[in-house]
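Numbering (this note's numbering), first residue to last: 4 to 120.
Idealized CB from N, CA, C, for every residue including glycine.
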Amino acid sequence: MEILIAIMIGILYAAGIYMILRRSLVKLIIGIILFGNGANLLIFLLGRITKGAPPIIPENSEVFLEAYADPVPQALILTAIVISFGLQSFAIILVRRAHKVVKTDDLDEMNATDEDS
Numbered sequence: 004m005e006i007l008i009a010i011m012i013g014i015l016y017a018a019g020i021y022m023i024l025r026r027s028l029v030k031l032i033i034g035i036i037l038f039g040n041g042a043n044l045l046i047f048l049l050g051r052i053t054k055g056a057p058p059i060i061p062e063n064s065e066v067f068l069e070a071y072a073d074p075v076p077q078a079l080i081l082t083a084i085v086i087s088f089g090l091q092s093f094a095i096i097l098v099r100r101a102h103k104v105v106k107t108d109d110l111d112e113m114n115a116t117d118e119d120s
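Pasting the structure below:
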């Protein structure tokens with residue numbers, strides 16, 4: 004299972020970098036989304052995939068007696084999802100505004116428009 008997730012992380016990173024290097028701003032945002040999802044899966048994989056009980060110690064013991072799910076990677080991924088959602092929303096609004104002003108989403112045409120001003 005971990006090998007499949009590692010392959011999926013590689014695919015998401017590769018697709019994200021490919022999309023980021025394209026000339027379109029919409030593809031840039033899609034690349035950032037793919038890259039962020041790959042990073043979230045990487046954090047999830049580094050936290051080890053464990054089927055276990057919640058990390059709550061019973062009243063009659065002082066240590067965990069069985070395997071438990073580590074809550075730290077889950078909390079990090081949840082925080083990363085919220086931050087990436089905010090970043091994506093901001094980037095979408097910026098691209099929309101840039102398209103409204105310049106009438107294109109091609110980075111080369113935007114650069115040429117900037118030089119003409």
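Where the alpha helix (DSSP H) containing residue i begins and where it ends
i          : result
residue 76 : 74-105
residue 66 : Neither: residue 66 is in no alpha helix (DSSP H) and is coded neither H nor E.
residue 4  : Looking at the DSSP string, residue 4 is not in any alpha helix (DSSP H), and its letter there is neither H nor E.
residue 50 : That residue, residue 50, is in no alpha helix (DSSP H); it is neither H nor E in DSSP.
Residue i burial status per 10 Å Cβ neighbour count (16 or more: buried)
i           : result
residue 13  : exposed
residue 4   : exposed
residue 19  : buried
residue 15  : buried
residue 67  : exposed
residue 32  : buried
residue 37  : buried
residue 114 : exposed
residue 28  : buried
Option nearest residue i by Cα separation, candidates the options
i          : options            : result
residue 53 : 34, 69 and 87      : 69
residue 71 : 115, 79, 33 and 50 : 50
residue 21 : 86, 9 and 35       : 35
residue 87 : 58, 39, 102 and 77 : 39
residue 57 : 9, 42 and 75       : 75
For residue i, the three-state DSSP class (helix, strand or coil)
i           : result
residue 109 : strand
Residue i beta carbon near the ligand FAD (any heavy atom closer than 7 Å)
i          : result
residue 97 : Of the ligands one can find in the structure shown there are none, so the ligand FAD has no counterpart to examine.
Handout entry: Inter-stretch contact at 8 Å, needing at least 3 Cβ pairs: the segment 58-78 / the segment 86-94
Key = Touching, no, given that fewer than three Cβ pairs across the two stretches are closer than 8 Å.
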